[in-house]
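Asks: Each position in the sequence shown, counted from 1, maps to that position plus 3 in the working numbering.
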Amino acid sequence: MAQLRLAVHDDRPLVRDGLTLLLSDEPDLIVVVPDDEGPPPDVAVIGANATPEDTVVASTRVVQFTDAMSIEMIVAAVRDSADTNRRSRVRPTSERTCRTAMALTPREFEVLTCIAAGLSATEVSEQLGLARKTVENHKRRIFVKLDVQNQGHAVAVATRAGLLVDGL
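1. Do Pro-44 and Leu-9 have their C-beta atoms closer together than 8 Å?
2. Taking just the CA atoms, how far does Gly-50 sit from Asn-140?
3. Taking the beta strand (DSSP E) that Ala-10 belongs to, which residues open and close that run?
4. How would you label Ala-106, buried or exposed, when you count the other beta carbons within 10 angstroms and need 16 or more for buried?
5. For the candidate residues Arg-82, Asp-31, Leu-17, Gln-152, whose alpha-carbon lies nearest to that of Leu-167?
6. Can you name the residues that DSSP bridges to Ile-33?
7. With a Cβ-Cβ cutoff of 8 Å, do Leu-25 and Ile-74 count as a contact?
8. Does the distance from the C-beta atom of Ser-27 to that of Val-34 stay below 8 Å?
9. Tell me which residues share the same chain as Thr-125 and place their Cβ nearer than 7 Å to its Cβ, disregarding the 5 neighbours each side in the sequence.
10. Give me, in chain order, the residues of the same chain whose beta-carbon lies closer than 8 Å to that of Val-201; leave out the 5 immediate sequence neighbours on both sides.
11. Quick check on DSSP: helix, strand or coil for Val-66?
12. So, for Lys-148: in the same chain, excluding its five sequence neighbours on each side, which residues have a beta-carbon less than 8 Å away from its beta-carbon?
13. Using C-beta distances below 7 Å, list every residue in its chain close to Val-160, excluding the 5 sequence neighbours before and after it, in chain order.
14. Evaluate Ala-157 with the Cβ neighbour count: other Cβ atoms within 10 Å of its Cβ, from every protein chain shown; 16 or more gives buried, anything less gives exposed.
15. Is the CB-CB distance between Lys-142 and Gln-154 below 8 Å?
So, in structure tokens, the structure goes:
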């Protein structure tokens with residue numbers, strides 16, 4: 004994957020600096036301070052209270068996060084926004100959704116994201132370097148945590164709840 008230039012915006016310095024530090028640890032992500040001299044960032048990662056219009060130029064993709072989201076979910080949303088070339092937002096819609104989002108492990112969230120992209124269990128296992136049986140185990144745990152019966156229902160519930168990136 005090509006390197007992505009990110010700008011992090013949040014009105015709370017501790018959150019902004021912490022997120023900048025965590026995102027800087029990702030090998031394909033470069034956190035930049037946008038200025039008039041250089042090109043705009045590829046993706047703006049903004050806090051839930053920020054408005055995209057106040058912080059980014061029109062050509063920049065946006066990932067909006069809440070405090071309930073894990074760093075893995077934010078990184079997945081950033082990468083997905085770059086893949087889809089759309090403005091994206093990650094925003095859980097209820098307290099139950101926040102608890103569910105936090106209950107999913109990073110690997111379960113990766114599997115759920117792959118399922119939402121239409122990959123079969125075999126394709127997910129190849130992409131993530133897991134045994135097919137391990138993928139099936141992750142899917143079963145996701146179904147229990149989301150209280151669903153199949154992967155189509157899991158994707159629908161996760162999308163409605165804001166767990167999956169939604170194009171705007």
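C-beta atoms are modelled at their ideal positions from N, C-alpha and C, and glycine is treated no differently.
Replies: According to the data block:
1. For the 8 Å CB-CB criterion, Pro-44 and Leu-9 form a contact.
2. So the alpha carbons of these two residues sit roughly 33 Å apart.
3. From DSSP, the beta strand (DSSP E) with Ala-10 extends over 7-12.
4. Exposed, since its Cβ has fewer than 16 Cβ neighbours within 10 Å.
5. The shortest Cα separation from Leu-167 among Arg-82, Asp-31, Leu-17, Gln-152 belongs to Arg-82.
6. Per the DSSP secondary-structure output, Ile-33 pairs in a beta bridge with Arg-8.
7. Taking C-beta atoms as the reference points, Leu-25 and Ile-74 count as a pair closer than 8 Å.
8. Contact flag set, yes.
9. The beta carbon of Thr-125 lies closer than 7 Å to those of Arg-135 in the same chain, with the five residues before and after it left out.
10. The displayed coordinates of the chain run from 4 to 171. Any statement about residue 201 would go beyond what the structure contains.
11. Strand, per DSSP.
12. Only Thr-103, Ala-106, Leu-107, Glu-111 meet the Cβ criterion.
13. Here the set comprises Leu-149, Val-151.
14. Per the 10 Å Cβ criterion, buried.
15. Taking 8 Å as the Cβ cut-off, Lys-142 and Gln-154 qualify as a contacting pair.
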